[in-house]
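As structure tokens, the structure follows; a few thoughts come after it.
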Amino acid sequence: MKIIIPNRVAPLIEQRILSLYPDMQIVITDDEGMPQGDASDATIFMRWWTSVEGFRLTLSMAPNVKWVYTPSAGIDHLDLDMMRERGITLTNAAGAHAIPIAEFVMMFVLTHAKRASVLMNYAREDYEATEQTKLDELDGKTMAIIGLGSIGQETAKRAKAFGMRVVGSRRRPQPTKYVDEVVSDDEWQKLLPDADVIVIAAPLTDITRGMVDASAFAKMKPTAYIVNVARGQVINTEDLIAALSEKRIAGAGLDVVPEEPLPANHPLWDAPNVWITPHISYSSPKTRGRMMDLFITNLERYMHGQKLQNIVNFDEGY
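Just so we're aligned, residue 4 is where the sequence shown starts under the working numbering, counting upward by one.
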């Protein structure tokens, strides 16, 4: 059997594969996705961070691939139609990034509540002004999590530790640990009027694209703070800028934006009370290890003819 792996990840995974399956053949791709060897009979493709064009190039050189693994949770940046047409099974790394992203959410929320950036500047420039700064606390506040997947659930766990009431939405509403109230995906706006913090953790699909729009912002408190760690396109950016500029919400923490990197002249940079980070919330020394472990676990399942974990539903988009 033959596996395709990218050159950037080969030093981390090649020996693990061979220690389990010494006879496994491995073909390595370059940065552009071109296999450095015969990939025509490869059946497994471990994708890494390549462009859509590179992804298509690899698959075009490997007509017999049956299973593709992507280290990301989101799959909106892949050619799903190509895989669907070829009958390829796609698995993702859902869960591998959940802990650092959930911690990042709480960083946004705490920085807003405690006005950390303001206080740091005051401490250097005007120490006495810190006494006039109004801080808040999370205890007793309500967090609404839109998308109770692995990231949403890890966020709920941490919010609960701060004494917050947690509500959320998911495709199949069912009792969820650390969540006080769960509604279905199509009822998520019902959670907004009482929410002090809104966390967007839903995958980008045809249904969720642009769903956080003016109608959603109109339901939020003027003191509400929104955090997006999903995809920038889930929020209607023009409506977000308007809501911030007109003080219909208190602020936003965005680790994802509609275009990455965001152009220097984009109006989102100048919106009031917005904090933008460079899609880095997943980063942790442990994240890559979890990605590798997921692949190895599924490789063993694949070799034993067992059902793979984290199979993506092409119709649902996650």
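For every residue, glycine included, the Cβ atom is placed at its ideal position computed from N, Cα and C.
Using DSSP's beta-bridge definition, name the partner residues of residue 148.
Per DSSP, 171 and 202.
Apart from the five residues on each side of it in sequence, which residues of its chain come closer than 8 Å, Cβ to Cβ, to residue 248?
Result list for residue 248: 274 and 275, in chain order.
Mapping DSSP to helix, strand and coil, what is residue 240?
In the structure shown, residue 240 sits in a helix (DSSP, three-state: H, G or I).
Our contact map puts residue 11 next to residue 51 with C-beta atoms below 8 Å; I'd like the distance itself, whole angstroms only.
Cβ-Cβ separation between residue 11 and residue 51: approximately 6 Å, consistent with a contact (criterion under 8 Å).
Contacts around residue 218, its chain only, beta-carbon distance under 6 Å, and the 5 residues preceding and following it disregarded
Excluding sequence neighbours, residue 218 sits near nothing in its chain.
Just the Cα atoms here: how many angstroms apart are residue 81 and residue 122?
Residue 122 has its alpha-carbon roughly 42 Å from the corresponding atom of residue 81.
Residue 254: first and last residue of the uninterrupted beta strand (DSSP E) it sits in
First-last of the beta strand (DSSP E) with residue 254: 254–257.
Can you list, in chain order, the residues of its chain with a C-beta nearer than 8 Å to that of residue 67? Leave out the 5 residues immediately preceding and following it.
Excluding residues within five positions, the ones whose Cβ falls inside 8 Å are 43, 44, 45 and 46.
Buried or exposed: residue 156, going by 16 or more other Cβ atoms within 10 Å of its Cβ?
Per the 10 Å Cβ criterion, buried.
Need the endpoints of the alpha helix (DSSP H) that residue 104 sits in, please.
Counting along the chain, the unbroken alpha helix (DSSP H) around residue 104 starts and ends at 101–117.
Apart from the five residues just before and just after residue 236, which ones in its own chain have a Cβ nearer than 6 Å to its Cβ?
Once the five neighbours on either side are set aside, the close Cβ partners of residue 236 are 207, 212 and 261.
Here's the rule: buried if 16 or more other CB atoms are within 10 angstroms of the residue's CB, otherwise exposed. What is residue 136?
Label assigned to residue 136: exposed.
For residue 144, count the other beta carbons within 10 Å of its own beta carbon; 16 or more makes it buried, fewer makes it exposed. Which is it?
Buried is the call here.
Would residue 194 be called buried (16 or more neighbouring beta carbons within 10 Å of its own) or exposed?
Flag for residue 194 reads buried.
Once DSSP output is grouped into helix, strand and coil, what is the label at residue 270?
Looking at residue 270 - three-state DSSP - the assignment turns out to be helix.
What three-state label does DSSP hand residue 64 in the structure shown?
Reduced to three states, the DSSP call for residue 64 is coil.
By how many angstroms is the C-alpha of residue 108 removed from the C-alpha of residue 299?
Straight-line spacing of the CA atoms in residue 299 and residue 108 works out to 29 Å.
Count the other CB atoms within 10 Å of the CB of residue 100; is the residue buried (16 or more) or exposed (fewer)?
Buried, since its Cβ has 16 or more Cβ neighbours within 10 Å.
Among 205, 233, 239 and 210, which one has its Cα closest to the Cα of residue 220?
The residue with the shortest Cα to Cα distance from residue 220 is 239.
So, does the segment 261–270 touch the segment 284–294, judging by three or more C-beta pairs under 8 Å?
Short answer: they don't touch.
Distance, Cα to Cα, residue 187 vs residue 203?
One Cα belongs to residue 187, the other to residue 203, and the distance between them is close to 15 Å.
Using the three-state DSSP reduction, which class does residue 14 fall into: helix, strand or coil?
In the three-state scheme derived from DSSP, where H, G and I count as helix and E and B as strand, residue 14 is classed as helix.
Under the criterion of a Cβ to heavy atom distance below 8 Å, does residue 118 qualify as lining the ligand GTP?
For the ligand GTP, the structure offers nothing, since it holds no ligand at all.
Rounded to whole angstroms, how far is the Cβ of residue 339 from the Cβ of residue 279, which I believe are closer than 8 Å?
No answer is possible for residue 339: it lies beyond the span of the chain, which begins at 4 and ends at 321.
With residue 234 and residue 200 assumed to form a contact (beta carbons below 8 Å), what rounded beta-carbon distance in angstroms separates them?
Between residue 200 and residue 234 the Cβ distance is about 19 Å, and since that is not below 8 Å, they are no contact.
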